[in-house]
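Chains as they are written, first to last, in the numbering used here: chain L, 289 to 534; chain X, 1284 to 1536.
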């Protein structure tokens, strides 16, 4: 019953979020602000993680491919497939669920307990739309770019580490990352990213918006936002993979 | 003018507001007073639609607010300014942005006109030149005054103030009271103030409703309250030793 209560309330909130904005120009400014707040500020952590993960996958692959039947360009191929299909769209989004999710839930939750959301309502503003819509749109717009950068840096990190540690040659690696490339896999990856961006922002906003109590409850909302966003990312990852790859 | 007719509200089994009726007159400071937990803030939240009433009517110049649709409610709310107990200023915005916010959302003013209006509002609440400060950099009294500036920015017809003096020293309390009184007179608006502060009641209470255990218990003005014979109101008004001395002095004892 509790699940249905939350589901019903979530969809009612989403309906309010997507109702007509009071003033588009104010919302546009908010969207740009959110792109910077939740997107651009995540770039350094994504860059570091992606670069080193690419490097580690390269070294692990080279270490594992001991058979002479497996060509060394398979290292580049493995890094590309890992980065494009799973690491960047899913694992990076899981990391972002922690960063963005707790940020969104605690920001909106704090506004709730300090009556700032009530103040918006009393002014005649649709508080759900004003606070949540820019976060959802900002997240959905910026995450694909962040993930594209993550993919590039992951593959680049693999190249740098592979060449530096002599795990493979530059030629083998570059040949590997171009081998057997199927463009539809990018479509699959970015569909996942857009779905996950919507899930992270909307679920986190939901938990923040319905915070009641004090600072302790804001902390609980942030935790719940991260936990439920992560679980739903995993579930939707499975569903989308089934849909695209079978 | 706002009129409430026989409004009631329960939370679960607990009846918090019990059949309250009152007329909040335009151009006057209307006070709701009562002990903590007597239902004052709930009445205010019912009036602005933050809670839904169980029964009764809330009439904004004849319009029954609870029965209005979402859009019509929003239209009424655009005419409301509210000063929250904690200020409820937007933490991420400067004082100037806070006061400008209702203007950005609901008016087609040019940036210059908005800035002029913001400066007028800040001057009214004696915060001239503090435009670029963030709420975190303000004292409690300054936050209340800033919130008042935001509440009047869009020239509201109805001004709600939830315990504007709580947590303030007597001197700052008097400043806030005088501001509320002068704004009410100047803008000819319907002002509703919730307070515990007896000084405020006497100074600015032109139309007072005393709530006792969720029920309307006494009505009158701030001066009449010192002459009351209502035992519950006497207990409330003269709860402190100082006020008892005042009472005895008034009675000539």
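Glycine is no exception: its CB is placed at the ideal position from the N, C-alpha and C atoms.
Residue i, enclosing beta strand (DSSP E) - first and last residue
| i | result |
| --- | --- |
| residue 1365 of chain X | 1363 to 1366 |
| residue 1307 of chain X | 1297 to 1307 |
| residue 456 of chain L | Here residue 456 of chain L belongs to no beta strand (DSSP E), and DSSP marks it neither H nor E. |
| residue 1517 of chain X | Per DSSP, residue 1517 of chain X belongs to no beta strand (DSSP E); it is in the alpha helix (DSSP H), 1514 to 1520. |
| residue 1344 of chain X | Here residue 1344 of chain X belongs to no beta strand (DSSP E), and DSSP marks it neither H nor E. |
| residue 1503 of chain X | 1498 to 1503 |
| residue 1445 of chain X | 1441 to 1445 |
| residue 1289 of chain X | 1285 to 1294 |
| residue 1492 of chain X | 1490 to 1495 |
| residue 1473 of chain X | 1473 to 1478 |
| residue 373 of chain L | First-last for residue 373 of chain L: undefined, no H or E at that position. |
Sequence-distant residues of the same chain with beta carbon closer than 8 Å to residue i, five excluded per side
| i | result |
| --- | --- |
| residue 238 of chain L | Because chain L in this structure spans residues 289 to 534, residue 238 of chain L falls outside the shown range and cannot be described. |
| residue 444 of chain L | 339 and 342 |
| residue 1468 of chain X | 1310 |
| residue 419 of chain L | 396, 399, 405, 408, 493 and 497 |
| residue 467 of chain L | 361, 364 and 365 |
| residue 1348 of chain X | 1330, 1332, 1341, 1342, 1356 and 1359 |
First through last residue of the alpha helix (DSSP H) which encompasses residue i
| i | result |
| --- | --- |
| residue 498 of chain L | Unbroken run through residue 498 of chain L: none, as it is neither H nor E. |
| residue 397 of chain L | 380 to 401 |
| residue 290 of chain L | 290 to 305 |
| residue 315 of chain L | 312 to 322 |
| residue 361 of chain L | 361 to 370 |
| residue 1466 of chain X | 1453 to 1470 |
| residue 525 of chain L | 503 to 533 |
| residue 1377 of chain X | Residue 1377 of chain X -> no alpha helix (DSSP H), and no H or E assigned at all. |
CB contact flag (residue i, residue j, <8 Å)
| i | j | result |
| --- | --- | --- |
| residue 401 of chain L | residue 499 of chain L | yes |
| residue 1515 of chain X | residue 1500 of chain X | yes |
| residue 1331 of chain X | residue 1443 of chain X | yes |
| residue 1414 of chain X | residue 1339 of chain X | no |
| residue 485 of chain L | residue 392 of chain L | no |
| residue 416 of chain L | residue 1371 of chain X | no |
| residue 477 of chain L | residue 360 of chain L | no |
| residue 1472 of chain X | residue 1439 of chain X | yes |
| residue 1381 of chain X | residue 1373 of chain X | yes |
| residue 520 of chain L | residue 480 of chain L | no |
| residue 385 of chain L | residue 523 of chain L | no |
| residue 1487 of chain X | residue 1327 of chain X | no |
| residue 1437 of chain X | residue 1386 of chain X | yes |
| residue 1315 of chain X | residue 1477 of chain X | yes |
| residue 327 of chain L | residue 431 of chain L | yes |
| residue 380 of chain L | residue 323 of chain L | no |
| residue 1494 of chain X | residue 1375 of chain X | no |
Same chain, Cβ closer than 7 Å to residue i, neighbours up to 5 away in sequence not counted
| i | result |
| --- | --- |
| residue 1306 of chain X | 1284 and 1286 |
| residue 1537 of chain X | Residue 1537 of chain X is absent from the structure shown; chain X starts at 1284 and stops at 1536. |
| residue 404 of chain L | none |
| residue 1434 of chain X | 1364, 1365, 1366 and 1442 |
| residue 375 of chain L | 341 and 442 |
| residue 382 of chain L | 518 and 521 |
| residue 413 of chain L | 310 |
| residue 298 of chain L | 494 |
Identity of the residue in the options nearest residue i by Cα
| i | options | result |
| --- | --- | --- |
| residue 1301 of chain X | X/1508, X/1504, X/1506 and X/1496 | X/1496 |
| residue 1358 of chain X | L/399, L/409 and L/522 | L/409 |
| residue 295 of chain L | L/508, L/357, L/490 and L/313 | L/490 |
| residue 506 of chain L | L/395, L/419 and L/470 | L/395 |
| residue 1262 of chain X | X/1327, X/1425, X/1420 and X/1532 | Residue coverage of chain X in this structure runs from 1284 to 1536, which leaves residue 1262 of chain X outside it and unanswerable. |
| residue 482 of chain L | L/356, L/448, L/429 and L/472 | L/429 |
| residue 1276 of chain X | X/1326, X/1436 and X/1421 | This structure does not reach residue 1276 of chain X, given that chain X is present from 1284 up to 1536, and the question cannot be answered. |
| residue 1412 of chain X | X/1418, X/1379 and X/1451 | X/1379 |
| residue 453 of chain L | L/508, L/487, L/516 and L/344 | L/344 |
| residue 1323 of chain X | X/1479, X/1391 and X/1296 | X/1479 |
| residue 1308 of chain X | X/1504, X/1510, X/1512 and X/1452 | X/1504 |
| residue 1463 of chain X | X/1317, X/1334, X/1342 and X/1313 | X/1313 |
| residue 1334 of chain X | X/1291, X/1319 and X/1345 | X/1291 |
| residue 332 of chain L | L/510, L/533 and L/387 | L/387 |
| residue 433 of chain L | L/474, L/470, L/390 and L/532 | L/474 |
| residue 510 of chain L | L/466, L/389 and L/458 | L/389 |
| residue 314 of chain L | X/1492, X/1450, X/1341 and X/1391 | X/1391 |
Residue i CB to nearest heavy atom of the ligand NAP below 7 Å
| i | result |
| --- | --- |
| residue 1355 of chain X | Of ligands this structure carries none, so the ligand NAP is not represented either. |
Contacting residues, own chain, Cβ-Cβ under 6 Å from residue i (five flanking each side not counted)
| i | result |
| --- | --- |
| residue 516 of chain L | 491 |
| residue 512 of chain L | 495 |
| residue 1513 of chain X | 1501 |
| residue 1342 of chain X | 1286 |
| residue 1498 of chain X | 1301 |
CB contact below 8 Å: residue i versus chain B
| i | result |
| --- | --- |
| residue 411 of chain L | The structure shown has no chain B; the protein chains it does contain are L and X. |
query = Counting pairs of Cβ atoms below 8 Å between the stretch 1404 to 1416 of chain X and the stretch 1366 to 1373 of chain X, do you hit three or more?
reply = no
Cβ pair count under 8 Å reaching 3, the stretch 1392 to 1406 of chain X against the stretch 1454 to 1468 of chain X = no
query = Are at least three pairs of beta-carbons, each pair with one atom in the stretch 417 to 435 of chain L and one in the stretch 297 to 316 of chain L, less than 8 Å apart?
reply = yes
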